[in-house]
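Chemist: Chains as they are written, first to last, in the numbering used here: chain Y, 9 to 328; chain F, 627 to 764. First, the structure itself, so that you have it in front of you.
See below:
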């Protein structure tokens, strides 16, 4: 870990510790947290968020999943925060992760602007609608739908195949007109890979749904972007994954603004979460360069399944 | 098929601005959070009250705290909690600035379709950020 990263880590931990010891900005005495009959100091929750998001940051990198996808169901299911604020925070966490990854992916030519921008327009516009719907619906409906969605993601992760270099015999008329094609250097084989895409109109239509779900549930949408870009449109896997990550920075920006402007953002939740995920991601990348434990995929699947089940049962009023 | 460089001019421009913007945003967020939790500026919502509030639906939260949604936070930057919105809004604005920066490149390259696509994207994001989309809550 570089000196800068170490300093950042120390600063983050120090900041949270300062918050723990500082009472100068607290409200009147006797304001201890009374939550569901238990007395818990207020600072334990943001500290818990920081620790959890740090772990999620590591797991997300090793498991190849965005932090937002894990964040919303887990925090929504096991923390006392209302789902409105969890979704607002989840979107900003996912946005920060996408912004951090963007420069490297663009510079290497892995994330492709010509591929990302047309779908980005559709996804970001629909994410606004999704966020509006999400904030207007009753909590139990959103909670139930989130549970179904997360369990669906588990199925997608388990079942969806990936194609390193999908065969695209002929580019369709729309992608040809938009010149959505490219060439990237595959380091592992030393080859330059030419790629083009097909089925563009259908892919664009699917991004309507992806955008709505991203905004409604605040979970980012990498889990849906990648299969559509890779399996349906035929972009090479690395281009699809990188472009998806970049795309999140556009989709989540529009959805996050709706949550911000509707008051569904609490800084005491957002900042520890962003710091935790970012530091966790840095540690995760370090671990990833040395080893990629196969078991981590199953841990991610288990976490998602458990959190999805919890959301579903909570929404249905079975597991309160 | 047209051969493309690994990273095009517009990608490099976008990446450069995004890199700077993201780092500046995180630093702002970190400093403002330090100010918040050290109590240098007193918060609008006392931290002891937060646990009673963050479990409420957003509509009830706004009603109980007297917080006005939208860009009203800009008038409350002397409050520790609202100061954090500077960093949050900065991160929310980085993509818009990056997109704006590449529009001229597309038009210069005689690629007006992508110039217009980016322009539409910018308008979508500005519309989202403007605060015109409000929900009555639930």
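Don't be surprised by glycine CBs; every beta carbon is placed ideally from N, CA and C.
Is there at least one Cβ from chain Y nearer than 9 Å to residue 759 of chain F's Cβ?
Modeler: For the purposes of this step, residue 759 of chain F is taken as residue 133 along the second chain, with counting starting at 1. So yes, residue 759 of chain F belongs to the interface.
Chemist: By the 10 Å Cβ neighbour count, where 16 or more other Cβ atoms means buried, how is residue 734 of chain F classified, buried or exposed?
Modeler: As a working mapping, residue 734 of chain F is identified with position 108 in the second chain. Answer is exposed; the Cβ neighbour count stays below 16.
Chemist: Note down, in chain order, all residues in the stretch 96–111 of chain Y with a beta-carbon under 7 Å from any beta-carbon belonging to chain F.
Modeler: Flagged, chain order: 100, 103, 104, 107, 108, 110, 111.
Chemist: Which residues mark the beginning and the end of the alpha helix (DSSP H) in which residue 204 of chain Y is found?
Modeler: The count along the first chain starts at 1 and reaches residue 204 of chain Y at position 196. Unbroken run through residue 204 of chain Y is the beta strand (DSSP E), 199–204; no alpha helix (DSSP H).
Chemist: Could you compute how far the alpha carbon of residue 285 of chain Y sits from the alpha carbon of residue 200 of chain Y?
Modeler: The residue labelled residue 285 of chain Y in the question sits at position 277 within the first chain. The residue labelled residue 200 of chain Y in the question sits at position 192 within the first chain. In a straight line, the C-alpha of residue 285 of chain Y is about 34 Å away from that of residue 200 of chain Y.
Chemist: Look at the alpha carbon of residue 107 of chain Y and the alpha carbon of residue 686 of chain F, and state the distance between them as a whole number of angstroms.
Modeler: The count along the first chain starts at 1 and reaches residue 107 of chain Y at position 99. The count along the second chain starts at 1 and reaches residue 686 of chain F at position 60. Those two C-alpha atoms are separated by around 32 Å.
Chemist: Tell me the residue span of the beta strand (DSSP E) that contains residue 194 of chain Y.
Modeler: What you label residue 194 of chain Y is simply residue 186 of the first chain in a count that begins at 1. Looking at the DSSP string, the run of the beta strand (DSSP E) that includes residue 194 of chain Y is 189–194.
Chemist: In whole angstroms, what separates the C-alpha of residue 64 of chain Y from that of residue 654 of chain F?
Modeler: Locating residue 64 of chain Y in the first chain gives position 56, counting from the first residue. Locating residue 654 of chain F in the second chain gives position 28, counting from the first residue. Residue 64 of chain Y and residue 654 of chain F: Cα-Cα distance of roughly 23 Å.
Chemist: Hey, out of Y:77, Y:71, Y:265, whose CA is closest to residue 305 of chain Y's CA?
Modeler: As a working mapping, residue 305 of chain Y is identified with position 297 in the first chain. It is Y:71.
Chemist: Given that a residue counts as buried once 16 or more other Cβ atoms are within 10 Å of its Cβ, and exposed if not, what is residue 689 of chain F?
Modeler: To locate residue 689 of chain F, count along the second chain from 1; it is residue 63. Classification of residue 689 of chain F: exposed, given that the 10 Å Cβ count is below 16.
Chemist: Kindly indicate if chain Y contains any beta-carbon less than 9 Å away from that of residue 713 of chain F.
Modeler: Against the second chain, residue 713 of chain F aligns to sequence position 87. So, interface residue.
Chemist: With residue 249 of chain Y as the anchor, note down where its alpha helix (DSSP H) starts and where it stops.
Modeler: By one-based count along the first chain, residue 249 of chain Y stands at place 241. Run containing residue 249 of chain Y: 245–269, per the alpha helix (DSSP H) assignment.
Chemist: Tell me whether residue 681 of chain F sits in a helix, a strand or coil according to DSSP, three-state version.
Modeler: In the second chain, residue 681 of chain F corresponds to position 55, counting from 1. Coil.
Chemist: Roughly how many whole angstroms lie between the Cα atoms of residue 116 of chain Y and residue 672 of chain F?
Modeler: Locating residue 116 of chain Y in the first chain gives position 108, counting from the first residue. Locating residue 672 of chain F in the second chain gives position 46, counting from the first residue. Looking at the two C-alpha atoms, the distance is approximately 46 Å.
Chemist: Where does residue 310 of chain Y land, buried or exposed, given buried means 16+ other C-beta within 10 angstroms?
Modeler: As a first step, residue 310 of chain Y is located in the first chain; it is residue number 302 there, counting from the start. By the neighbour-count rule (16 or more Cβ atoms within 10 Å), residue 310 of chain Y is not buried but exposed.
Chemist: Report yes or no: is there a C-beta of chain Y within less than 9 Å of the C-beta of residue 736 of chain F?
Modeler: Sequence index remark: in the second chain, residue 736 of chain F carries index 110 (1-based). No, residue 736 of chain F does not count as interfacial toward chain Y.
Chemist: Measure from the alpha carbon of residue 312 of chain Y to the alpha carbon of each residue in Y:220, Y:159, Y:150, then state which is nearest.
Modeler: Along the first chain, one-based indexing puts residue 312 of chain Y at 304. Measuring from the Cα of residue 312 of chain Y, the nearest candidate turns out to be Y:159.
Chemist: Between residue 133 of chain Y and chain F, is there a C-beta pair that is closer than 9 Å?
Modeler: On the first chain, position 125 is the one that residue 133 of chain Y refers to. Yes, contact with chain F.
Chemist: Just to confirm before moving on: does the CB-CB distance between residue 119 of chain Y and residue 637 of chain F stay below 9 Å?
Modeler: Against the first chain, residue 119 of chain Y aligns to sequence position 111. Against the second chain, residue 637 of chain F aligns to sequence position 11. A contact, by the Cβ cut-off of 9 Å.
Chemist: Can you give, in chain order, each stretch of the alpha helix (DSSP H) that sits fully within the stretch 94–168 of chain Y and has at least 4 residues?
Modeler: With a minimum length of 4 residues, the continuous alpha helix (DSSP H) runs that stay inside the stretch 94–168 of chain Y are 121–144, 147–167.
Chemist: Using a Cβ-Cβ distance under 9 Å, would residue 720 of chain F count as near chain Y?
Modeler: Here residue 720 of chain F refers to the residue found at position 94 when the second chain is read from its first residue. By this cut-off, residue 720 of chain F is an interface position.
Chemist: Chain F beta carbons: is any one of them nearer than 9 Å to that of residue 186 of chain Y?
Modeler: In the first chain, counting from the first residue as 1, residue 186 of chain Y sits at position 178. Closer than 9 Å to some Cβ of chain F, the Cβ of residue 186 of chain Y qualifies, so yes.
Chemist: For the stretch 272–293 of chain Y, which residues have a CB atom closer than 9 Å to at least one CB atom of chain F, in sequence order?
Modeler: Going along the stretch 272–293 of chain Y in chain order, one finds 272, 273, 274, 275, 276, 277, 278, 279, 280, 282, 283, 286 with a Cβ nearer than 9 Å to chain F.
Chemist: Grouping DSSP H, G and I as helix and E and B as strand, with all else coil, what is residue 757 of chain F?
Modeler: As a working mapping, residue 757 of chain F is identified with position 131 in the second chain. Here residue 757 of chain F sits in coil by DSSP.
Chemist: At least one CB of chain Y closer than 9 Å to the CB of residue 650 of chain F: is that the case?
Modeler: Stepping through the second chain from its first residue, residue 650 of chain F is reached at position 24. Residue 650 of chain F does not count as touching chain Y.
Chemist: Nearest by alpha-carbon distance to residue 66 of chain Y: which of Y:314, Y:292, Y:272 is it?
Modeler: Indexing the first chain from 1 puts residue 66 of chain Y at position 58. The option with the nearest alpha carbon to residue 66 of chain Y is Y:292.
Chemist: Here's the rule: buried if 16 or more other CB atoms are within 10 angstroms of the residue's CB, otherwise exposed. What is residue 197 of chain Y?
Modeler: In the first chain, the residue the question calls residue 197 of chain Y occupies position 189. Under this definition residue 197 of chain Y is an exposed residue.
Chemist: Can at least three beta-carbon pairs, one atom from the stretch 126–139 of chain Y and one from the stretch 662–680 of chain F, be found at a separation below 8 Å?
Modeler: Counting Cβ pairs under 8 Å, fewer than three are found: no touch.
Chemist: With residue 74 of chain Y as the anchor, note down where its alpha helix (DSSP H) starts and where it stops.
Modeler: Residue 74 of chain Y sits at position 66 when you count from the first residue of the first chain. Careful: residue 74 of chain Y lies outside any alpha helix (DSSP H) and carries neither H nor E.
Chemist: Between residue 635 of chain F and the rest of its own chain, which residues show a CB-CB distance below 7 Å, the 5 nearest in sequence each way excluded?
Modeler: If you number the second chain from 1, residue 635 of chain F lands on position 9. Same-chain partners within the cutoff: 731.
Chemist: Can you tell me where the alpha helix (DSSP H) holding residue 231 of chain Y begins and where it ends?
Modeler: Taking the first chain and counting its residues from 1, the one referred to as residue 231 of chain Y is at position 223. It spans 230–235 - the alpha helix (DSSP H) in which residue 231 of chain Y sits, taken as one unbroken run.
Chemist: Leaving aside the five residues before and after residue 680 of chain F along the sequence, list all residues of the same chain whose C-beta is less than 8 Å from its C-beta, in chain order.
Modeler: Locating residue 680 of chain F in the second chain gives position 54, counting from the first residue. Once the five neighbours on either side are set aside, the close Cβ partners of residue 680 of chain F are 687.
Chemist: Closest by CA to residue 131 of chain Y, which one among Y:271, Y:239, Y:218?
Modeler: On the first chain, residue 131 of chain Y is found 123 positions in, with the first residue counted as 1. With distances taken between Cα atoms, residue 131 of chain Y lies closest to Y:218.
Chemist: DSSP three-state label for residue 318 of chain Y, please.
Modeler: Start at 1 with the first residue of the first chain, and residue 318 of chain Y comes out as number 310. Of the three classes helix, strand and coil, the one that applies to residue 318 of chain Y here is helix, per DSSP.
Chemist: Any Cβ of chain Y within less than 9 Å of the Cβ of residue 704 of chain F?
Modeler: Residue 704 of chain F sits at position 78 when you count from the first residue of the second chain. Chain Y contact via Cβ: absent.
Chemist: Our contact map puts residue 744 of chain F next to residue 729 of chain F with C-beta atoms below 8 Å; I'd like the distance itself, whole angstroms only.
Modeler: For this step, residue 744 of chain F is matched to residue 118 along the second chain. For this step, residue 729 of chain F is matched to residue 103 along the second chain. The pair is a contact, with the Cβ atoms about 5 Å apart (cut-off 8 Å).
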